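Residues 112 to 502 in my numbering are what the sequence shown lists, from first letter to last.
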Amino acid sequence: MSGGGAHAAYQVGVLRAVVRMLPRDLANPFSIYCGTSAGAINAAVLAAHADSLRVGVGRLTGVWGRFAVEDVFAVDWATLVSTAYRWLAGLAFERLGRPLPPALLDRAPLAGLLAKRLPFGGISAAIQSGRLHAVGVTASSYASGQSVTFFEGAPECRPWHRADRAGVAGPLSIAHLLASSAIPFVFEPVAVGGEYYGDGAMRQTAPLSAALHLGAQRLFVIGAQSPVSQVARFGGPPSPARIAAHVLNSIFLEGLDADLERLERVNQTVRAFTQRGAPAPAGLSEVACFALYPSEDLTALAATYYHTLPRALRFFLGALARHGPDAGLASYLLFERGYCRRLMALGYADALREAEPIRAFLGYPEQGAAGRRAAGRAPRGSEVLPRRFAP
């Protein structure tokens with residue numbers, strides 16, 4: 112599961128549909144969970160409830176469906192004004208040794224929410240019982256520049272080292288999730304094992320590799336980025352808010368798309384050899400993959416919920432824009448129930464549109480009348496459109 116701040120609510124909607132379309136007595140079709148950024152938090156919650164996908168998705172739905180920005184970061188006037196003042200003072204008096212704040216927003220509320228709601232002990236228990244094979248969350252090291260996947264897994268899951276990425280075994284904690292979801296400049300870097308880490312989407316050139324290293328042979332990928340937004344064009348240069356949104360779109364989108372294309376090329380190569388009766392090249396094997404992306408522009412959706420942001424946050428976001436409210440950057444920070452519920456409804460609708468392919472991919476192609484009725488029904492107010500990419 113990829114990242115994108117509040118965009119990750121879309122993943123919960125997709126999983127709600129998956130739960131509905133599969134047999135009720137099925138405990139869990141997934142044995143490995145991997146996530147980056149906000150997707151890492153979703154992955155950890157599902158892994159902690161690996162004995163029942165229905166329960167895990169229910170926990171996520173309950174949190175995302177009642178979210179408020181205040182649950183993720185501090186947005187009171189005093190905190191935001193203090194941070195802005197320290198940034199300005201730090202820039203003005205940098206030569207005098209006054210440090211800049213580590214980030215624009217303080218995520219202490221999210222740390223408290225995770226401590227209260229996420230039973231990390233359930234992850235190790237699920238691995239020991241065999242209900243879960245592995246779970247990995249990816250962060251980016253500011254020291255080495257590597258993409259590092261921290262994982263808990265069965266004994267056969269071994270650490271790995273490549274030129275630009277590594278896998279590190281050990282119990283997961285709140286620090287790992289905060290590190291993986293630390294959007295640069297927006298949220299503070301997080302120390303893990305003596306190094307500071309930021310959002311796992313940064314420099315993540317091979318997002319699918321962690322799952323493959325952990326033993327996955329089939330990949331069900333849920334993206335959290337919509338097609339490129341068509342924004343209004345202005346005569347002047349882009350505002351700081353527009354530049355920030357562009358940078359975040361690049362971080363969260365390009366790596367996954369490129370890796371999916373590489374995977375399909377490898378699959379085509381393997382099939383070309385096997386169709387001629389020849390063994391595949393050493394180290395290559397075919398990996399089945401189903402990828403689902405939002406069918407609507409999440410920035411456009413965010414624009415309709417921009418007014419639900421706390422007033423202080425709207426003021427500071429507005430200061431970064433030149434032509435009125437800019438929903439591009441706000442869409443990543445819109446942890447408000449209306450927007451999150453809308454994204455969950457979109458994910459639910461997108462997945463139901465692909466109910467039969469998803470069931471077949473997961474190995475449950477047969478469907479009774481009740482399942483067919485569920486596949487043909489979407490939440491009120493949502494539009495069912497095709498998936499964007501499914502190699």
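For each residue, glycine too, the CB sits at the ideal point set by N, CA and C. All figures in this text were calculated on a predicted structure; none of them were measured in a lab.
Check: From SER340 to THR190, what does the alpha carbon distance come to, in whole angstroms?; Outcome: Residue placement at SER340 cannot be trusted, given a pLDDT of 48 that sits under 50; the coordinates are not used to answer.
Check: Can you say whether THR172 is buried or exposed, counting buried as having 16 or more other CB atoms within 10 angstroms of its CB?; Outcome: buried
Check: ALA274 by DSSP, collapsed to three states: which one?; Outcome: coil
Check: So, are the CB atoms of TRP271 and GLY281 less than 9 Å apart?; Outcome: no
Check: Are ILE285 and LEU229 close, meaning C-beta to C-beta below 9 Å?; Outcome: yes
Check: Helix, strand or coil for ILE143 per DSSP?; Outcome: strand
Check: Taking the beta carbon of ASP461 as the centre, do at least 16 other beta carbons fall within 10 Å, making it buried, or is it exposed?; Outcome: buried
Check: Going straight from the alpha carbon of THR249 to that of PHE298, what length do you get?; Outcome: 16 Å
Check: Taking the alpha carbon of ALA119 as the point to measure from, which residue in ALA471, GLU447, ALA214 has its own alpha carbon closest?; Outcome: GLU447
Check: Output the distance between the C-alpha atoms of GLN336 and ASN153, rounded to the nearest integer angstrom.; Outcome: 16 Å
Check: On the three-state DSSP scale, how would you describe GLY116?; Outcome: helix
Check: Terminal residues of the continuous alpha helix (DSSP H) containing SER240?; Outcome: 232-240
Check: What is the rounded straight-line gap between the Cα of ALA343 and the Cα of LEU412?; Outcome: With a pLDDT of 48 at ALA343, under the threshold of 50, the modelled position of this residue cannot be trusted; read the value that follows with caution. Cα to Cα, the separation comes out at about 15 Å.
Check: Quick check: the Cα distance between GLY326 and ALA214, rounded to an integer number of angstroms?; Outcome: 36 Å
Check: With distances taken between CB atoms, is the gap from ARG464 to LEU133 smaller than 9 Å?; Outcome: no
Check: Closest to ASP182 by CA distance: which of PRO266, ALA226, ALA402, PRO476 is it?; Outcome: ALA226
Check: Give me the Cα-Cα distance between ASN378 and GLU397, rounded to the nearest whole angstrom.; Outcome: 5 Å
Check: Reducing DSSP to helix, strand and coil, say where GLY309 ends up.; Outcome: strand
Check: Just confirm the distance between the C-beta atoms of ALA317 and ARG276, as a whole number of angstroms; I'd bet it's less than 8 Å.; Outcome: 6 Å
Check: To the nearest angstrom, report how far apart ALA438 and LEU403 are at their CA atoms.; Outcome: 23 Å
Check: Going by C-alpha distance, which of LEU428, GLY449, TYR450, GLY388 is nearest LEU440?; Outcome: LEU428
Check: Roughly how many whole angstroms lie between the Cα atoms of MET313 and ASP408?; Outcome: 22 Å
Check: Where do the ends of the beta strand (DSSP E) carrying ARG177 lie?; Outcome: Unbroken run through ARG177: none, as it is neither H nor E.
Check: Could you check where the alpha helix (DSSP H) with GLU467 kicks off and where it finishes?; Outcome: 466-473
Check: Report the rounded CA-to-CA distance for GLY124 versus GLY232, giving the unit in angstroms.; Outcome: 26 Å
Check: For the region 359-439, which segments carrying the alpha helix (DSSP H) assignment without a break, of at least 4 residues, lie completely within its bounds, in sequence order?; Outcome: 409-416, 422-431
Check: Looking at the structure shown, is LEU133 part of a helix, part of a strand, or coil, going by DSSP?; Outcome: coil
Check: Can you tell me where the beta strand (DSSP E) with VAL332 in it begins and where it stops?; Outcome: 329-333
Check: What three-state label does DSSP hand GLY124 in the structure shown?; Outcome: helix
Check: Please report the straight-line C-alpha distance between VAL381 and ALA391, rounded to a whole angstrom.; Outcome: 5 Å
Check: What would DSSP say about GLU190, mapped onto helix, strand or coil?; Outcome: In the sequence as presented, Glu is not what sits at residue 190; that position holds Thr. Correct three-state label for THR190: helix.
Check: In whole angstroms, what is the alpha-carbon distance linking ALA389 and LEU395?; Outcome: 13 Å
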